[in-house]
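Residue numbers (our numbering), protein chains in the order written: chain A, 200 to 481; chain B, 200 to 481.
Positions of the beta carbon are idealized from the N, C-alpha and C atoms, including for glycine.
Okay, so here's the structure we're looking at.
There are 2 protein chains.
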Amino acid sequence: MSAGVRPQGLERLSVNQETVKQWSLPELAAGCAAAGIGSVGLWRAPVQEYGVERAARLMRDSGLTVTSLCRGGFFTAREPELRARALDDNRAAIDEAAGLATGTLVLVSGGLPTGDRDIAGARERVAEALSVLAPYAAERGVRLALEPLHPMYASDRCVVSTLGQALDIAERFPAEQVGVVVDTYHLWWDDLAPAHTARAGAAGRIACFQVADWVTPLPEGVLLGRGQLGDGCVDLRGWRERVDGAGYTGPVEVEIFSPALWARDGAEVVAEIIERYTRHVG
Amino acid sequence: MSAGVRPQGLERLSVNQETVKQWSLPELAAGCAAAGIGSVGLWRAPVQEYGVERAARLMRDSGLTVTSLCRGGFFTAREPELRARALDDNRAAIDEAAGLATGTLVLVSGGLPTGDRDIAGARERVAEALSVLAPYAAERGVRLALEPLHPMYASDRCVVSTLGQALDIAERFPAEQVGVVVDTYHLWWDDLAPAHTARAGAAGRIACFQVADWVTPLPEGVLLGRGQLGDGCVDLRGWRERVDGAGYTGPVEVEIFSPALWARDGAEVVAEIIERYTRHVG
Chain A
200 MSAGVRPQGL ERLSVNQETV KQWSLPELAA GCAAAGIGSV GLWRAPVQEY GVERAARLMR
260 DSGLTVTSLC RGGFFTAREP ELRARALDDN RAAIDEAAGL ATGTLVLVSG GLPTGDRDIA
320 GARERVAEAL SVLAPYAAER GVRLALEPLH PMYASDRCVV STLGQALDIA ERFPAEQVGV
380 VVDTYHLWWD DLAPAHTARA GAAGRIACFQ VADWVTPLPE GVLLGRGQLG DGCVDLRGWR
440 ERVDGAGYTG PVEVEIFSPA LWARDGAEVV AEIIERYTRH VG
Chain B
200 MSAGVRPQGL ERLSVNQETV KQWSLPELAA GCAAAGIGSV GLWRAPVQEY GVERAARLMR
260 DSGLTVTSLC RGGFFTAREP ELRARALDDN RAAIDEAAGL ATGTLVLVSG GLPTGDRDIA
320 GARERVAEAL SVLAPYAAER GVRLALEPLH PMYASDRCVV STLGQALDIA ERFPAEQVGV
380 VVDTYHLWWD DLAPAHTARA GAAGRIACFQ VADWVTPLPE GVLLGRGQLG DGCVDLRGWR
440 ERVDGAGYTG PVEVEIFSPA LWARDGAEVV AEIIERYTRH VG
């Protein structure tokens, strides 16, 4: 299938690399292009390993747009040295995003440092880091996309747990510099998230829309239990219509961390994603 | 130690039965009385097994107050037959609470029925059930205490995830009929929970205050991973002061689901709880 001609209904579908992490970058590029998918979300580690310029060329040559780079962040350390190191690492992430020609760097805030019981203070340190990084990113054509993660990650991964909290921080900066990620897996349960989606959309701050379904039981560590679209209890189409209603017109990125998907043939997984996306989201 | 004379600082401490579930009811009564603890929270299944009247007498004879009965609820079924059965079961729970002379029946809402993606609708069914049960409970001197559980339980256990949601439902009823539970394990991450605690306290709706700490990694199924007081990242004393500041003067119930605690000698666990409570909460 030639690049640029998308099967009808798949124009907005982007496959996040982590969803088919059994694939190398060349396999991802070839597999998505062959399936008629026009965009992908990438992760830093495999891009660094392959080389940023080389990855950018591979995507370009395969007719693929990079919708986001995952992920910078982890801003919650207290020690000045660790904080300086986090800022350096995030400047590198911004450079990588610019190298990949994606305008969106996803940021995961970081959890509470060991022994720290002041979650409000930790969130404040996230905002402080953004104040340093947002101008740097903007100069390189990259927008920082602050992602609220489900509250079950609040202590060890991300002190920003709701779209409301993410917006409270993002709104301290110009919308073209700092946006937010709306991810159905993290937000589906929150009765306030619809109103905050409207608030984010009205200000043009929805930088990224990701979809995964919620299934139980959660696995130990709760990181790798995300559900294939349609397998869980999230009203995915309702959420897609909600971000659209808020004025979002960007990609719909499928990001599913699932050992069950990783154990299967990548092309089969992508075919299933297309079918599920069409049935439950698009 | 004679009943009624509490060691200083332990006047408000209540031990929830599930925290030391290695103990039988007589062991719980004897162990708490011996440790100078004046109140306990009980669970329906062991009370039913022992006999409600007999359990009530045991507690009375041991000088123990029953601060709450856990738990009724599970109101989210759609089928009329299942809904009627849930109401019957909750009337029985109210009768049991009255029999134990506790004024507080803790309610866990229930999760989303299989295939249901309408969480707002499920929350509405919780409110409908309360409208039937609240007057029945009030006639028997029992207040229903709606408990928001952490959002990680939203799909399979409790569609009410925040104190704000719980209050939105509770406030449809008189405060003396329907209150809420403030449990640090479920609410610690929520930046809006402090304001809702004030809102609940001002209306006299804090029916129960429970404490447990948050520790990671979470175990598979995420039910049994609660932390001993002081082992995690929750500002427990800050929360106790917060409910006090909201006007709450009732018991502080220690409810920790932890296989590590259950594997130990009950008296040793209770002694540790007293030490941790004094250091981190009281």
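The CB of H349(A) comes closer than 8 Å to the CB of P350 and M351 in chain B, given here in chain order. Taking 9 Å as the cut-off, the beta carbon of G240(A) is found closer than this to the beta carbon of E452(A). Under the DSSP definition of a beta bridge, A344(A) partners with V305(A) and G378(A).
With a cutoff of 9 Å on beta-carbon distance, A353(B) and W438(A) are scored as not near each other.
Here Q376(A) has A333, P334, A336, A337, R342 and L343 as same chain residues with Cβ atoms under 8 Å from its own Cβ, once five neighbours each way along the sequence are excluded. Secondary structure of Q409(B) (DSSP, three-state): strand. Non-local beta-carbon contacts of A402(A) in its own chain, meaning distances under 6 Å to residues more than five positions away in sequence, involve A374 in chain order. By the CB criterion at 9 Å, D382(A) and C407(A) fall inside the cutoff.
Residue contact with chain B for D260(A): absent (no Cβ-Cβ distance below 9 Å to any residue of chain B). Using beta-carbon distances, R339(A) does not count as an interface residue toward chain B, since no partner is under 9 Å. Within the stretch 358-376 of chain A, the residues whose Cβ lies closer than 9 Å to any Cβ of chain B are, in chain order, V358, S360, T361, G363, Q364 and D367.
Identification of chain A residues near E419(B) by a Cβ-Cβ cut-off of 8 Å yields P416, L417, P418 and E419, ordered along the chain.
For L268(B), the enclosing beta strand (DSSP E) has its first and last residue at T264 to G272. The alpha helix (DSSP H) runs of length 4 or more contained entirely in the stretch 350-398 of chain A are, from start to end of the chain, 362-369 and 383-386.
Here the C-alpha atom of L423(B) lies approximately 39 Å from the C-alpha atom of A445(A). Residues of the stretch 402-415 of chain B with a C-beta atom less than 9 Å from some C-beta of chain A are W413, V414 and T415, listed in chain order. At the C-beta level, V305(B) and F273(B) stay beyond 9 Å of one another. In chain order, H385 place their CB closer than 6 Å to the CB of H349(B), counting only its own chain and leaving out the 5 sequence neighbours on each side. Taking each of S223(A), E210(A), G420(A) and E327(A) in turn and checking the Cα distance to R277(A), the smallest one comes out for E327(A). Within the stretch 315-344 of chain A, the residues whose Cβ lies closer than 8 Å to any Cβ of chain B are, in chain order, D315, R316, D317, I318, A319 and R322. For chain B, none of the residues of the stretch 263-284 of chain A brings a beta carbon within less than 7 Å of one of its beta carbons.
Counting every other CB atom within 10 Å of its CB across the protein chains shown gives E280(B) a total below 16, marking it as exposed.
Cβ contact annotation for A466(A) (same chain, cutoff 8 Å, sequence separation greater than five): G230, A233 and A234, in chain order.
Among the CB atoms of chain B, one or more fall inside 9 Å of the CB of C432(A).
The count of Cβ pairs closer than 8 Å, one atom from the stretch 357-369 of chain A and one from the stretch 314-330 of chain A, reaches three, so the stretches are in contact.
The alpha-carbon of A244(A) is positioned some 43 Å away from that of R475(B). With a threshold of 9 Å between beta carbons, L428(A) makes no contact with chain B. Distances from the alpha-carbon of T264(B) to those of L212(B), M351(B) and I473(B) put L212(B) closest. Counting along the chain, the unbroken beta strand (DSSP E) around S238(B) starts and ends at S238 to W242. Remark: C-beta atoms of S261(A) and A297(A) do not approach each other more closely than 9 Å. Under DSSP, R425(A) forms a beta bridge with W413(A). Check the Cα spacing between D390(B) and each of V219(A), T361(A) and F456(A): the tightest is with T361(A).
At least 9 Å separates the CB of D382(A) from every CB of chain B. For V331(B), the enclosing alpha helix (DSSP H) has its first and last residue at I318 to E338. Within the same chain, Cβ atoms closer than 7 Å to the Cβ of F456(A) are found at E217, L422, L423 and R425, the five residues on either side in sequence being excluded. Assigned with DSSP and collapsed to three states, L460(A) falls in helix.
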